[in-house]
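Numbering (the numbering used here), first residue to last: 14 to 414.
Even glycine gets a Cβ: it sits at the ideal position worked out from N, Cα and C.
From a predicted model like this one, the values you see are computed outputs, not experimental measurements.
So the structure is just underneath, and the comments pick up after that.
Here it is in structure tokens:
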């Protein structure tokens, strides 16, 4: 085997070499060593993404908002994430006296589990997957639902009304957006004919972003809400509920929640790259580098949306899920089902139909949604004893009565 072939198939080759090194031992030892090596490699890969991503996002947000961003610690501020980590590790961790100590600890300890479990079924190359489940897509949906339970645990254990309100918002958002996001994944399963993520990658002779752009848009918006990114980060809206479900978490425990947010974002980007962007497929480069490049493209899109769009109201977030995304996802899965039945094999000419169909569906349903919602409702005047308080949008700027 040449050096290039070994590099291209690096992950399967490393796994093969490790298995060969412990092959003489008992079966339980082989299983234990392979499992520990896989977990350590996965944790190292994900954790090494967080510091540079935080630096990149802070620099990009600063650039968009005409600020400097981190620039003091190290060249170009590159050491700022390390300085922040050291500071947070030395801060005192305070637990409210009325909080449930065990659940308060479990809330931040378990928040990492769902994204790491998702990586267990993501293929990095041909044969380079920790566990190739034939129900991988169902597994991903089930694991993604655990986040709502963990966030609610953190908010409930804090014995704080702001924390509880943030936890309730998080659960409502996650449950609402999981429905259209799951239906969007159903379209991919219909087209690929399998629920295995490795099988979905192999079925993409052409990336599904071209065949099913509407499903990608729906799933991307759903993932944006599930990873608690702006403009839907209402579970920790500091202008309304302080810091939401992690209000009573400080020091390193607070840092764990921030790390978990980026870990969720990395996992969501890996899933989108696998399901819609062809996964590890690509010419020239090793397959795991292609997957990583596609993940970075999705992550940059997450960041771009964060510093471009303002936070929206909680009622608007919920209405958008049930009145806009859900009908669109149902229409999309119906159309894709007809296409799979009438044109098996997904001929290339379907791309010329599905892209205009996605654009027309969004435009038409947006008009229907706006018509159903009616004009924006202005706040009415509120009469107080002896005082008239104008609260409508017609109040002149700077006037007080």
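Exercise. Start and end of the alpha helix (DSSP H) containing residue 319?
Worked result: Taking the first residue of the chain shown as position 1, residue 319 is located at position 306. First-last of the alpha helix (DSSP H) with residue 319: 300-319.
For this session: Say whether the region 198-209 touches the region 267-275, bearing in mind that this needs 3 or more beta-carbon pairs closer than 8 angstroms, one atom from each stretch.
Result: no
Exercise. Whose C-beta lies closer than 6 angstroms to the C-beta of residue 128 among residues of the same chain, with five residues either side of it excluded?
Worked result: One-based indexing of the chain shown puts residue 128 at position 115. Counting only Cβ-Cβ distances below 6 angstroms, and skipping sequence neighbours, we find 276, 277 and 280.
Problem set entry | Continuous alpha helix (DSSP H) assignments of at least 4 residues falling wholly in the region 83-125 | 93-103 and 114-122
Exercise. Skipping 5 residues on each side, what residues in its chain have a beta carbon closer than 6 angstroms to that of residue 238?
Worked result: Position 225 of the chain shown holds residue 238. Hits under 6 angstroms: 186, 190 and 245.
For this session: Spell out whether any CB of chain C is found under 7 angstroms from the CB atom of residue 235.
Result: This model lacks chain C altogether; it includes just one protein chain.
For this session: Report the option in 316, 143, 169 and 269 whose CA atom is closest to the CA atom of residue 115.
Result: Translated into positions along the chain shown, residue 115 becomes position 102. Taking only the C-alpha atoms, the option nearest residue 115 is 169.
For this session: Decide yes or no for the touch test of the region 286-304 against the region 134-142: beta carbon pairs closer than 8 angstroms, at least 3 of them.
Result: yes
Exercise. For residue 375, which residues of its own chain have a beta-carbon under 6 angstroms away from its beta-carbon, when the five flanking residues on both sides are left out?
Worked result: Position 362 of the chain shown, counted from the first residue, corresponds to residue 375. Within the same chain, residue 375 has no close Cβ partners at all.
For this session: Could you say which of 104, 74 and 172 lies nearest to residue 113 if we only look at CA atoms?
Result: Mapped onto the chain shown, residue 113 falls at position 100. Comparing Cα positions, the closest option is 172.
Exercise. Below 8 angstroms, can you find three or more Cβ-Cβ pairs linking the region 212-221 to the region 285-298?
Worked result: yes
Exercise. If residue 76 and residue 83 are in contact, beta carbons under 8 angstroms, what's the gap, nearest whole angstrom?
Worked result: Counting from one through the chain shown, the residue named residue 76 turns up at place 63. Counting from one through the chain shown, the residue named residue 83 turns up at place 70. At roughly 12 angstroms, the Cβ-Cβ gap does not stay under 8 angstroms, so residue 76 and residue 83 are not in contact.
Exercise. Would you call the region 156-165 and the region 304-323 in contact, with 3 or more CB pairs under 8 angstroms?
Worked result: no
Problem set entry | Inside the region 158-233 only - alpha helix (DSSP H) runs reaching at least 4 residues | 159-170, 174-205, 210-216 and 221-224
Exercise. Is the number of C-beta pairs between the region 332-339 and the region 378-387 that are closer than 8 angstroms three or more?
Worked result: yes
Exercise. Ordered along the chain, which non-local residues of its own chain (more than five positions away) have a Cβ less than 7 angstroms from that of residue 342?
Worked result: Along the chain shown, one-based indexing puts residue 342 at 329. Correct list, in chain order: 193, 196, 197 and 231.
Exercise. Roughly how many angstroms lie between the CA atoms of residue 66 and residue 148, to the nearest whole one?
Worked result: Here residue 66 refers to the residue found at position 53 of the chain shown. Here residue 148 refers to the residue found at position 135 of the chain shown. Rounded to the nearest angstrom, the two C-alpha atoms are 31 angstroms apart.
Exercise. What's the gap between the Cα of residue 123 and the Cα of residue 163?
Worked result: Taking the first residue of the chain shown as position 1, residue 123 is located at position 110. Taking the first residue of the chain shown as position 1, residue 163 is located at position 150. Approximately 7 angstroms between the Cα atoms of the pair.
For this session: Can you tell me which of the three DSSP states residue 384 falls into?
Result: As a first step, residue 384 is located in the chain shown; it is residue number 371 there, counting from the start. Helix, per DSSP.
Problem set entry | Cβ-based burial, residue 68 [other Cβ within 10 Å; buried from 16] | By one-based count along the chain shown, residue 68 stands at place 55. Residue 68 should be labelled buried.
Problem set entry | Through-space distance from residue 130 to residue 258, alpha-carbon basis | To locate residue 258, count along the chain shown from 1; it is residue 245. To locate residue 130, count along the chain shown from 1; it is residue 117. Cα to Cα, the separation comes out at about 23 angstroms.
For this session: With a cut-off of 8 angstroms on the beta carbons, I'd call residue 359 and residue 228 a contact; round off their distance for me.
Result: The residue given as residue 359 occupies position 346 in the chain shown. The residue given as residue 228 occupies position 215 in the chain shown. That pair is no contact at about 13 angstroms.
Exercise. Which of the three DSSP states, helix, strand or coil, is assigned to residue 26?
Worked result: Taking the first residue of the chain shown as position 1, residue 26 is located at position 13. Note: residue 26 maps to helix in three-state DSSP.
Exercise. By how many angstroms is the C-alpha of residue 355 removed from the C-alpha of residue 365?
Worked result: Here the question's residue 365 lines up with position 352 in the chain shown. Here the question's residue 355 lines up with position 342 in the chain shown. Their backbone Cα atoms lie some 16 angstroms apart in a straight line.
Exercise. In angstroms, rounded to a whole number, what distance separates the CA positions of residue 236 and residue 179?
Worked result: Along the chain shown, read from residue 1 onward, the residue named residue 236 stands at position 223. Along the chain shown, read from residue 1 onward, the residue named residue 179 stands at position 166. Answer to the nearest angstrom: the Cα atoms are 18 angstroms apart.
For this session: Excluding the 5 residues preceding and the 5 following residue 62 in the sequence, name in chain order all residues of the same chain whose CB lies nearer than 6 angstroms to its CB.
Result: Against the chain shown, residue 62 aligns to sequence position 49. The residues are 279.
Exercise. Can you tell me whether DSSP reads residue 297 as helix, strand or coil?
Worked result: Position 284 of the chain shown, counted from the first residue, corresponds to residue 297. Three-state DSSP puts residue 297 in coil, outside helix and strand.
Exercise. What's the call for residue 102, buried or exposed, on a 16-neighbour Cβ count within 10 Å?
Worked result: The residue you call residue 102 lines up with position 89 of the chain shown. Exposed.
Exercise. Would DSSP call residue 138 helix, strand or coil?
Worked result: Position 125 of the chain shown, counted from the first residue, corresponds to residue 138. Residue 138 falls in the strand class under three-state DSSP.
For this session: Would you decide whether residue 6 is buried or exposed? Buried here means 16 or more other CB atoms lie within 10 Å of its CB.
Result: In this structure the chain extends from 14 to 414, so residue 6 is not present and cannot be described.
For this session: Can you tell me which of the three DSSP states residue 345 falls into?
Result: Indexing the chain shown from 1 puts residue 345 at position 332. Three-state result, residue 345: helix.
Problem set entry | Opening and closing residue of the alpha helix (DSSP H) in which residue 144 lies | The residue given as residue 144 occupies position 131 in the chain shown. Premise fails: residue 144 is in no alpha helix (DSSP H) and is neither H nor E.
Exercise. How would you write the range of the alpha helix (DSSP H) that residue 259 sits in, first residue to last?
Worked result: On the chain shown, residue 259 is found 246 positions in, with the first residue counted as 1. Counting along the chain, residue 259 falls outside any alpha helix (DSSP H), and DSSP gives it neither H nor E.
Exercise. CB residue 319 to CB residue 243, shorter than 7 angstroms?
Worked result: Taking the chain shown and counting its residues from 1, one reaches residue 319 at position 306. Taking the chain shown and counting its residues from 1, one reaches residue 243 at position 230. For residue 319 and residue 243, yes; Cβs fall inside 7 angstroms.
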